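Participant: Numbering (full-length UniProt numbering), first residue to last: 1 to 165.
Before I ask anything, here is the structure I am working with.
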């Protein structure tokens, strides 16, 4: 209605709207110019919460007299532990949401539960019994001991083999 063409006549803008547009452009113009010419060209390309860290050598690839490599490997281990813990937490939450949503028909949640239990067993095999302040070196020692046990006695949890076997 305001700016419509009606029988070849163009309706003129109201004076109030012209003044309002001028004031808006007077205030918004410098802000828009500043954002387009200064802020956006200088903004980093990555988003801060999706920062990707390069992988560093693990503790078994470090020399015994290289403390910097050991420090980096330990820091990488702690970062991996936090990521794996968060993944486990998400799987647990997904299972709990399924049980809450499905109610008495929990058969639909069985695949999610199996996935969660497998992830939990894998998490415990790697990080379990290390305590809160476990390091990459302790984790490597735990893995070595588990492999020796499995070579001598079979998979963990299957019981000891007899001496004659």
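Each residue gets a CB set at the ideal place from its N, CA and C atoms; glycine is no exception.
It should be emphasised that the depicted structure is a prediction, and the values quoted were computed from it without experimental measurement.
(1) Pull up the distance between the alpha-carbon of residue 124 and that of residue 87, whole angstroms please.
(2) Would you report the Cα separation of residue 145 and residue 65, rounded to the nearest angstrom?
(3) To the nearest angstrom, how far is it from the Cα of residue 97 to the Cα of residue 111?
(4) I need the DSSP call for residue 2, collapsed to helix, strand or coil.
(5) Pick from 113, 63 and 42: whose alpha carbon is nearest that of residue 90?
(6) Rounded to whole angstroms, what's the CA-CA distance from residue 60 to residue 36? Just pull it up for me.
(7) Classify residue 116: buried if its beta carbon has 16 or more other beta carbons within 10 angstroms, exposed otherwise.
(8) Which residue wins for smallest C-alpha separation from residue 52, given the options 129, 80 and 136?
(9) Under a Cβ-count criterion, where at least 16 other Cβ atoms within 10 Å of its own Cβ denotes burial, should residue 74 be classed as buried or exposed?
(10) For residue 118 and residue 92, what's the separation of their Cα atoms in angstroms?
(11) Should residue 95 be labelled buried (16 or more other beta-carbon atoms within 10 Å of its own) or exposed?
(12) On the criterion of 16 or more Cβ atoms from any shown chain inside 10 Å, does residue 1 qualify as buried, or is it exposed?
(13) Can you check which of these residues, 39, 57, 120 and 155, is closest to residue 84 by C-alpha distance?
(14) What residues in its chain sit with their C-beta under 6 Å from that of residue 62, if we drop five residues either side in the sequence?
(15) Can you tell me whether residue 82 is helix, strand or coil according to DSSP?
(16) With burial defined as no fewer than 16 other Cβ atoms inside 10 Å of the residue's Cβ, what is the status of residue 77: buried or exposed?
Facilitator: Result, derived from the coordinates:
(1) 13 Å
(2) 23 Å
(3) Just so you know, the alpha carbons of residue 97 and residue 111 end up roughly 14 Å apart.
(4) Model confidence at residue 2 stands at a pLDDT of 49, short of 50, so the residue's coordinates are unreliable; what they give is reported in the following sentence. Coil, per DSSP.
(5) Taking only the C-alpha atoms, the option nearest residue 90 is 113.
(6) 49 Å
(7) buried
(8) The shortest C-alpha to C-alpha distance from residue 52 to any of 129, 80 and 136 is the one to 80.
(9) So residue 74 counts as buried.
(10) 11 Å
(11) buried
(12) At residue 1, the pLDDT of 49 sits below 50, so the modelled position is not reliable; the number obtained from the coordinates is stated separately. Counting every other CB atom within 10 Å of its CB across the protein chains shown gives residue 1 a total below 16, marking it as exposed.
(13) 120
(14) 69, 70 and 73
(15) helix
(16) Buried.
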